[in-house]
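Read through the structure below, which is laid out as structure tokens, and then see the notes.
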Amino acid sequence: MSNKINLNLALEEQLAFGAAFLQTNLQKLKEAHLNLSNDDLAILTGNRIDLSEVLSSLSILTREYEELIAFLHQYIAISKETKEMLRDSLPEVFQAISSSNMREHKL
Numbered sequence: 001m002s003n004k005i006n007l008n009l010a011l012e013e014q015l016a017f018g019a020a021f022l023q024t025n026l027q028k029l030k031e032a033h034l035n036l037s038n039d040d041l042a043i044l045t046g047n048r049i050d051l052s053e054v055l056s057s058l059s060i061l062t063r064e065y066e067e068l069i070a071f072l073h074q075y076i077a078i079s080k081e082t083k084e085m086l087r088d089s090l091p092e093v094f095q096a097i098s099s100s101n102m103r104e105h106k107l
């Protein structure tokens, strides 16, 4: 049980780190979105590219990042709630097991 809790904590930490990493990248993406021009694109790619297509793609990517970050935060919150419920109910579970074992020994 202890190993599962430790793995769950490690997973929560990794998800929180992933969410923070995505949040940082999202901020950079938004800044790039605001500061992008056709000239910048020509310099970066060597070609003239339609800025509206790039901005549309950036908007879609931004929304997907925001949804993924929200999902990760929701998953972490649910995981913490579940862990707290399990921790709070463990004494009752152990008491029930102990009572059951006592009854079996009396038989």
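Its first residue numbered 1, the sequence shown is counted upward by one per residue in the UniProt record's numbering.
Yeah, the Cβ is synthetic: ideal placement off N, Cα and C, and Gly gets one too.
Remember, predicted model here, so these are calculated numbers, not experimental data.
Of the listed residues the options, nearest to residue i (C-alpha basis)
i: Lys30; options: Tyr65, Glu12, Ala96 and Phe17; result: Tyr65
i: Ala16; options: Leu86, Leu90, Ala77 and Ser98; result: Ala77
i: residue 118; options: Ile69, Ala10, Leu55 and Arg63; result: With the chain running from 1 to 107 in the structure shown, residue 118 is simply not present.
i: Ser56; options: Phe94, Gln23 and Ala32; result: Ala32
i: Leu63; options: Glu13, Gln14, Leu26 and Glu12; result: For the record, residue 63 in the displayed sequence is Arg; it is not Leu. Ranking the options by Cα distance to Arg63, first place goes to Leu26.
Between the CA atoms of residue j and residue i - distance to the nearest angstrom
i: Glu92; j: Ala10; result: 26 Å
i: Ser98; j: Leu90; result: 12 Å
i: Gly18; j: Phe71; result: 11 Å
i: Lys83; j: Gln14; result: 16 Å
Neighbour flag for residue i against chain C, beta carbons, 8 Å
i: Gln23; result: This model lacks chain C altogether; it includes just one protein chain.
Secondary structure, alpha helix (DSSP H): runs of 4+ residues fully inside the stretch 53–92: none
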